[in-house]
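From first to last, the protein sequence lines stand for chains A and B.
Count along the first sequence starting at 1, add 17, and that's the number in my numbering.
Count along the second sequence starting at 1, add 49, and that's the number in my numbering.
Worksheet: the structure to be examined is printed underneath.
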Amino acid sequence: MGALAGLGVTLLTLSARADPNDSDYGWRRRFELEQPSIIRYVEGMPIPPGYERETHYDGRLVAVGALNFAGGYLIGVGTTALLERTEPVNFVPCVGPFIATSSRDDDPDEEGTVADLFGVVLGAMACGLELAGGVQIASAFVDSKPVLVRRVALVPQLHDSKASVHARVTF
Amino acid sequence: MRASRSELVLIALLLALVSGCAGADPMREVAAPLPNLPRPGHAMVVFVRPSSYAAGRSFPVYAFGRGFLGVSRASSWFATELPAGPVTFCLRSRSPAVLRAALAPGKTYYVEVEANWGFWSTSGDLLAIKPSGDRWRERERWLAESRGLTLADSSAVDGDDVAEALADCKEELASYDDDELAERTLQRKDGR
Numbered sequence: 018m019g020a021l022a023g024l025g026v027t028l029l030t031l032s033a034r035a036d037p038n039d040s041d042y043g044w045r046r047r048f049e050l051e052q053p054s055i056i057r058y059v060e061g062m063p064i065p066p067g068y069e070r071e072t073h074y075d076g077r078l079v080a081v082g083a084l085n086f087a088g089g090y091l092i093g094v095g096t097t098a099l100l101e102r103t104e105p106v107n108f109v110p111c112v113g114p115f116i117a118t119s120s121r122d123d124d125p126d127e128e129g130t131v132a133d134l135f136g137v138v139l140g141a142m143a144c145g146l147e148l149a150g151g152v153q154i155a156s157a158f159v160d161s162k163p164v165l166v167r168r169v170a171l172v173p174q175l176h177d178s179k180a181s182v183h184a185r186v187t188f
Numbered sequence: 050m051r052a053s054r055s056e057l058v059l060i061a062l063l064l065a066l067v068s069g070c071a072g073a074d075p076m077r078e079v080a081a082p083l084p085n086l087p088r089p090g091h092a093m094v095v096f097v098r099p100s101s102y103a104a105g106r107s108f109p110v111y112a113f114g115r116g117f118l119g120v121s122r123a124s125s126w127f128a129t130e131l132p133a134g135p136v137t138f139c140l141r142s143r144s145p146a147v148l149r150a151a152l153a154p155g156k157t158y159y160v161e162v163e164a165n166w167g168f169w170s171t172s173g174d175l176l177a178i179k180p181s182g183d184r185w186r187e188r189e190r191w192l193a194e195s196r197g198l199t200l201a202d203s204s205a206v207d208g209d210d211v212a213e214a215l216a217d218c219k220e221e222l223a224s225y226d227d228d229e230l231a232e233r234t235l236q237r238k239d240g241r
């Protein structure tokens with residue numbers, strides 16, 4: 018009787034410790050059945066045979082960020098060209114036009130012209146776009162996606178009580 | 050140092066604002082790269098939002114007769130297990146979206162949650178991922194490159210909100226033409 022009670026306690030403990038992911042309906046069972054070509058790598062998870070770890074990045078976010086940055090830079094350079102300001106510092110992204118404006122040898126008492134105002138407004142817009150693009154590119158690389166990619170093709174298996182057929186293709 | 054009455058009012062307003070914004074998060078991240086398999090008599094429906102666009106915008110997902118299922122976030126997926134049979138899903142956004150499904154037991158179905166650009170706010174859409182379509186090939190990569198979420202606490206969901214969302218979705222469903230409906234319908238054979 019005591020032995021039976023002990024066995025019951027052991028079974029209860031084991032079932033309480035069982036990982037639900039290992040159950041017949043857990044994700045590990047799905048993985049065995051489907052063997053997907055790519056899955057997310059979860060920290061601490063053993064890498065299954067035939068899979069290799071890779072890091073993916075959000076390519077779309079990088080592309081959008083690059084477009085924003087390029088667009089902002091073109092607006093900045095275009096404004097510089099329009100205002101006929103050819104100092105090399107104007108071509109420095111974002112802050113260049115502001116440095117150029119503040120370091121010009123104008124009379125400090127002279128009021129700013131409409132062109133100056135135009136330059137500052139467009140420069141600020143360009144700088145904002147460049148910063149947004151930079152943040153998007155940086156966030157794409159910070160938010161990396163660790164994945165496991167299957168390098169070995171599926172192994173079709175025909176199981177019979179006596180014989181089995183295995184086919185393996187490696188690339 | 051004593052705070053003036055106006056300072057106290059300001060502090061109270063800020064605290065109210067902060068506590069109001071910090072509502073209970075119904076979703077939590079799961080340490081699983083794939084959704085579970087459905088139990089007997091049930092089907093699994095996976096809502097995957099692969100794009101990182103509009104990262105700050107979340108879309109609550111409901112099912113007629115079942116209520117709140119979860120919240121779809123950018124670059125994430127969540128799975129919900131439902132009894133086999135017909136079901137209609139509803140996504141709440143500026144413009145609601147509806148998807149109908151006929152679920153077979155033991156099968157897993159995939160739905161893409163798409164965030165679309167809008168002038169005032171982003172709107173969401175539900176699109177069927179079928180084995181015959183291009184989205185099916187992308188499905189594994191989308192899951193791999195997204196975070197898995199699960200519904201942890203639905204107690205914060207307001208019943209009035211659910212009723213309102215479902216009423217909006219009912220109107221939306223009636224407005225779909227045949228092509229729109231086809232794109233938002235999962236048949237029994239579309240499960241895996």
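Each residue gets a CB set at the ideal place from its N, CA and C atoms; glycine is no exception.
Note to self: List, in chain order, every chain E residue whose beta-carbon is nearer than 9 Å to that of B/N85.
What the structure shows: The displayed structure is made up of protein chains A and B, and chain E is not among them.
Mind checking which residues open and close the alpha helix (DSSP H) that includes A/E101? For this step, residue 101 of chain A is matched to residue 84 along the first sequence. Where A/E101 is concerned, there is no enclosing alpha helix (DSSP H), given that its DSSP letter is neither H nor E.
Contact set for A/A149: own chain, Cβ-Cβ below 6 Å, skip 5 residues either direction:
Translated into the one-based positions of the first sequence, residue 149 of chain A becomes position 132. The answer, listed in chain order, is N85.
Excluding the 5 residues preceding and the 5 following A/Q153 in the sequence, name in chain order all residues of the same chain whose CB lies nearer than 8 Å to its CB. For the purposes of this step, residue 153 of chain A is taken as the residue at position 136 of the first sequence. Cβ neighbours of A/Q153 within its own chain (closer than 8 Å, five residues either side excluded): L78, V79, V81, G82 and N85.
Checklist entry - So, is B/W169 buried or exposed, given that buried needs 16 or more other C-beta atoms within 10 angstroms? => result Position 120 of the second sequence, counted from the first residue, corresponds to residue 169 of chain B. Label assigned to B/W169: exposed.
*B/C139 - partner residues in DSSP beta bridges*: As a position in the second sequence, residue 139 of chain B is number 90, starting the count at 1. According to DSSP, B/C139 bridges with B/Y111 and B/V147.
- Over what stretch of residues does the alpha helix (DSSP H) that includes B/K260 continue unbroken? Any question about residue 260 of chain B goes unanswered here, given that chain B covers just 50 to 241.
Taking DSSP as the reference, what is the three-state secondary structure of B/K238?
Your numbering for residue 238 of chain B matches position 189 in the second sequence. The answer is helix: DSSP assigns B/K238 an H, G or I state.
Would you report the Cα separation of B/A177 and B/R233, rounded to the nearest angstrom?
Here residue 177 of chain B refers to the residue found at position 128 when the second sequence is read from its first residue. Here residue 233 of chain B refers to the residue found at position 184 when the second sequence is read from its first residue. Answer to the nearest angstrom: the Cα atoms are 5 Å apart.
Distance cutoff 9 Å, beta carbons only. Does B/Y159 sit that close to anything in chain A? Within the second sequence, residue 159 of chain B is the residue found at index 110, counting from 1. No - not a single Cβ of chain A is within 9 Å of the one on B/Y159.
**Request:** Give, in chain order, every unbroken run of the alpha helix (DSSP H) that is at least 4 residues long and sits entirely within the stretch 112–172 of chain A.
**Result:** 113–119 and 131–159
Item to check | Buried or exposed by the 16-neighbour rule on C-beta atoms within 10 Å, applied to B/C70 | outcome: To locate residue 70 of chain B, count along the second sequence from 1; it is residue 21. Residue placement at B/C70 is poorly supported in this model, since its pLDDT is 48, which falls under 50; the coordinates still yield a value, given next. The residue in question, B/C70, is exposed, as its Cβ has fewer than 16 Cβ neighbours within 10 Å.
Worksheet entry | Close beta carbons around B/E221, own chain, < 6 Å, minus the five adjacent residues each side | Here the question's residue 221 of chain B lines up with position 172 in the second sequence. Cβ neighbours of B/E221 beyond the five flanking positions: P145 and V147.
Leaving out five residues before and five after B/S195 in sequence, what residues of the same chain have Cβ atoms less than 8 Å from its Cβ? Working through the second sequence from its first residue, we reach residue 195 of chain B at position 146. Once the five neighbours on either side are set aside, the close Cβ partners of B/S195 are V97, R98, P99, S124, S125 and W126.
- State the beta-bridge partners of B/T129 as determined by DSSP. The count along the second sequence starts at 1 and reaches residue 129 of chain B at position 80. According to DSSP, which records beta bridges pairwise, B/T129 is partnered with B/V94.
Task: 9 Å Cβ cutoff, B/S195 in contact with chain A - done: Locating residue 195 of chain B in the second sequence gives position 146, counting from the first residue. Closer than 9 Å: yes.
Looking at the strands, I want to know which residues DSSP matches up with B/R77.
Position 28 of the second sequence holds residue 77 of chain B. Answer is B/T199.
*Take the Cβ of A/I64 as the centre, count every other Cβ of all protein chains shown within 10 Å, and call the residue buried at 16 or more, exposed below.*
Here the question's residue 64 of chain A lines up with position 47 in the first sequence. A residue is called buried when at least 16 other Cβ atoms come within 10 angstroms of its Cβ; A/I64 does not meet this threshold and is exposed.
| request: Name the two residues that bound the continuous beta strand (DSSP E) containing B/R106. | output: Here residue 106 of chain B corresponds to residue number 57 of the second sequence, with the count starting at 1. B/R106 -> no beta strand (DSSP E), and no H or E assigned at all.
Quick check: the Cα distance between A/S161 and A/R168, rounded to an integer number of angstroms? As a first step, residue 161 of chain A must be located in the first sequence, where it is residue number 144. As a first step, residue 168 of chain A must be located in the first sequence, where it is residue number 151. Approximately 21 Å, taken between the alpha carbons.
Problem - Proximal residues to B/L235 (C-beta, below 6 Å), its chain only, five neighbours per side dropped - result: Start at 1 with the first residue of the second sequence, and residue 235 of chain B comes out as number 186. Hits under 6 Å: A150, Y158 and A177.
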